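Q: For the sequence shown, the numbering used here assigns the number 13 to the initial residue and increments by one for each residue that follows.
Beta carbons: idealized from backbone N, C-alpha and C, even for Gly.
Just so it is clear, the structure is predicted and the values come from calculations on it, not from any experiment.
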Amino acid sequence: MTSHTSAIRDLPTVHEIAAQVREGKLSPVDSVQRSLDAISRLDGGVHAFREVWAGRALQAARDLEQREDLSQLPLAGVPFSLKENTVPENPFVRQLTNAGAIAVGTTVNPQFCTWGTTTLPGLTVDNPTLPGHTPGGSSGGSAAAVAAGMVPFAQGNDGMGSLRIPAACCGLSTLKSTPGIMPGRVGGTDWFGMSVHGVLTVNNEDLCLITKVLTDGLVDAENPAKTLPENFAVSLDTTAPVFGLKAAPEYVDAAQQAAKVFADNGFVVTEKKMPYPLNPLPMLARWTAGVADQLRYGPRPDHLEWRNRIHARIGRSLRFIINDRQVVRDRARIERELPGDTILITPALAKTPPRNRAWHRMPWIVNLLSNLRFTPYASTWNYLGFPAGIVVEPVSGLPVQLIARPTQERILLTAMETIASGGRIV
13 MTSHTSAIRD LPTVHEIAAQ VREGKLSPVD SVQRSLDAIS RLDGGVHAFR EVWAGRALQA
73 ARDLEQREDL SQLPLAGVPF SLKENTVPEN PFVRQLTNAG AIAVGTTVNP QFCTWGTTTL
133 PGLTVDNPTL PGHTPGGSSG GSAAAVAAGM VPFAQGNDGM GSLRIPAACC GLSTLKSTPG
193 IMPGRVGGTD WFGMSVHGVL TVNNEDLCLI TKVLTDGLVD AENPAKTLPE NFAVSLDTTA
253 PVFGLKAAPE YVDAAQQAAK VFADNGFVVT EKKMPYPLNP LPMLARWTAG VADQLRYGPR
313 PDHLEWRNRI HARIGRSLRF IINDRQVVRD RARIERELPG DTILITPALA KTPPRNRAWH
373 RMPWIVNLLS NLRFTPYAST WNYLGFPAGI VVEPVSGLPV QLIARPTQER ILLTAMETIA
433 SGGRIV
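1. Report the rounded CA-to-CA distance for Ile377 versus Leu384, giving the unit in angstroms.
2. Val339: which of Ala297, Gly149 and Leu54 sits nearest, CA to CA?
3. Less than 8 angstroms between the CB atoms is what I'm expecting for Pro253 and Pro388, so what's the real figure, rounded?
4. List the DSSP bridge partners of Phe61.
5. In the DSSP assignment, find the unbroken alpha helix (DSSP H) run with Leu76 in it and report its ends.
6. Threshold first: 4 residues or longer. Then list the alpha helix (DSSP H) segments lying entirely within the segment 287-343, N to C.
7. Return the chain-ordered ranges of every alpha helix (DSSP H) run that is complete within the segment 161-249 and spans a minimum of 4 residues.
8. Can you tell me the Cα-Cα spacing of Val3 and Phe104, whole angstroms?
9. So what's Glu453 in DSSP terms, helix, strand or just coil?
10. Check whether the segment 41-48 and the segment 175-193 touch, using three or more Cβ-Cβ pairs below 8 angstroms as the test.
11. Secondary structure at Lys272, three-state DSSP: helix, strand or coil?
12. Using 8 angstroms as the Cβ pair cut-off and three pairs as the minimum, do the segment 360-368 and the segment 137-144 touch?
13. Enumerate in chain order the residues of its own chain whose CB-to-CB distance from Glu283 is below 6 angstroms, with the five nearest sequence positions on each side excluded.
14. Measure the beta-carbon distance from Ile222 to Val26 and round it to whole angstroms, keeping in mind my assumption that it falls under 8 angstroms.
15. Using DSSP with H/G/I as helix, E/B as strand and the rest coil, what is Gly401?
16. Residues in its own chain within less than 8 angstroms of Thr419 by CB, not counting five upstream and five downstream?
17. Please classify His27: does DSSP put it in a helix, a strand, or coil?
18. Which same chain residues, not among the five before or five after His145, have their C-beta less than 6 angstroms away from its C-beta?
19. I need the DSSP call for Val137, collapsed to helix, strand or coil.
20. How should Ser83 be labelled, buried or exposed, when 16 other C-beta atoms within 10 angstroms of its C-beta is the threshold for buried?
21. How would you call His315, buried or exposed, if buried means at least 16 neighbouring beta carbons within 10 angstroms?
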């Protein structure tokens, strides 16, 4: 995969836009209009947006200009997009808009948010950083909107890697948090606890800021006094959780380079093979039964894709095995390998994102195998409930994944910023 992160780094950031609005150098209306102009200019070749809310967004910007606390809002006048499976009334979205952010529209996701590619009948979302290839999924439209420079950040959700896969494909930063850390539900069951809301950002600093806003300061990796703890350590595992799969050398090298950052700063780095769950059925049951429940209790689409018809059928047959006992056992095995303030570094992808094809027309097994081959590292952490983030390793320009124990988002984000800054310990 060729690195295109230099173009990403040149995009306007949340910090920059919010500071300009707070200081009166940029009005909220002008900020939103810039985003709308970018969508009009760029989205014809990317197809990231499902709906553009020009009138609604400009009115929200005019209303924001009248707020007496505008100069205090952390996300003052910052435009963003919503994934189309999320409504504006969701508490996650309200937290963003209360902080001054303005939604400009909804972005495309694959049907039922099931897959790591984003295609629909008559619609294929392209990767702005790697044209002709998938931007990932299921928050593929969200990632494409940010990577193209149409919005500085985008809301999405992650049930089997749906934030981290697009972030890795498009050179962005993101965090899949511990369940319960972020506000708002993702559907009726959150895919049995596996799915959480999050955001995709241009850089890690913006990710830290928005995470602080969303958690009411509970996860504060912005405060420079909050550094990596003395007993911080790193485990490195470049082997794939899926038997027989190997990551391409460039993705392994990126993970090793990320670990070297901490070794060079005196922290203990240990290479080990993690005891990943051997039985895939408990995770498969949650993934497929979550879609079966969406189909049963939610609105039925006019056209149900064949791959999702099979997916839901599998979910109905496996739903009876869903319980917490196996998850607890599997989680305990991983926690023993990540004691205290230890984080895990893995590759983010195993190979270059696949080329855009009509994935929605292809059989279930073809989609499954394609997803596993290029992104085998993501879904385990949804199943186990561990926080996991994606950040670009600057030497290689390629993404890496970091994982921490549940509720240790601050340490995770601080470690991600250390990598993003090229080794500056924060």
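A: In short, the structure shows the following:
1. Mapped onto the sequence shown, residue 377 falls at position 365. Mapped onto the sequence shown, residue 384 falls at position 372. In a straight line, the C-alpha of Ile377 is about 10 angstroms away from that of Leu384.
2. Within the sequence shown, residue 339 is the residue found at index 327, counting from 1. Checking every option, the nearest Cα to that of Val339 belongs to Ala297.
3. As a first step, residue 253 must be located in the sequence shown, where it is residue number 241. As a first step, residue 388 must be located in the sequence shown, where it is residue number 376. About 6 angstroms separates the beta carbon of Pro253 from that of Pro388, a gap short enough to meet the 8 angstroms contact definition.
4. For this step, residue 61 is matched to residue 49 along the sequence shown. Its beta-bridge partners are Thr119.
5. Taking the sequence shown and counting its residues from 1, one reaches residue 76 at position 64. Run containing Leu76: Ala66 to Glu77, per the alpha helix (DSSP H) assignment.
6. 293-309 and 318-330
7. For the segment 161-249, the continuous alpha helix (DSSP H) assignments of 4+ residues that do not extend past its boundaries occur at 176-182, 202-205 and 216-226, in sequence order.
8. For residue 3 there is no data in the structure shown, the boundaries of the chain being 13 and 438.
9. This structure does not reach residue 453, given that the chain is present from 13 up to 438, and the question cannot be answered.
10. Not touching, per the Cβ criterion.
11. Sequence index remark: in the sequence shown, residue 272 carries index 260 (1-based). In the structure shown, Lys272 adopts helical secondary structure according to DSSP, grouped into three states.
12. Counting Cβ pairs under 8 angstroms, three or more are found: they touch.
13. Along the sequence shown, read from residue 1 onward, the residue named residue 283 stands at position 271. Excluding positions up to five away in sequence, the list reads Leu248.
14. Taking the sequence shown and counting its residues from 1, one reaches residue 222 at position 210. Taking the sequence shown and counting its residues from 1, one reaches residue 26 at position 14. Rounded, the Cβ-Cβ distance is 7 angstroms, consistent with contact.
15. By 1-based counting over the sequence shown, the position of residue 401 is 389. Gly401 falls in the strand class under three-state DSSP.
16. To locate residue 419, count along the sequence shown from 1; it is residue 407. Thr190, Ile193 and Pro399, listed in sequence order.
17. Working through the sequence shown from its first residue, we reach residue 27 at position 15. Reduced to three states, the DSSP call for His27 is helix.
18. Your numbering for residue 145 matches position 133 in the sequence shown. The answer, listed in chain order, is Asn139, Pro365 and Arg367.
19. Along the sequence shown, read from residue 1 onward, the residue named residue 137 stands at position 125. The answer is coil: DSSP assigns Val137 none of H, G, I, E or B.
20. On the sequence shown, residue 83 is found 71 positions in, with the first residue counted as 1. Flag for Ser83 reads exposed.
21. Sequence index remark: in the sequence shown, residue 315 carries index 303 (1-based). Exposed.
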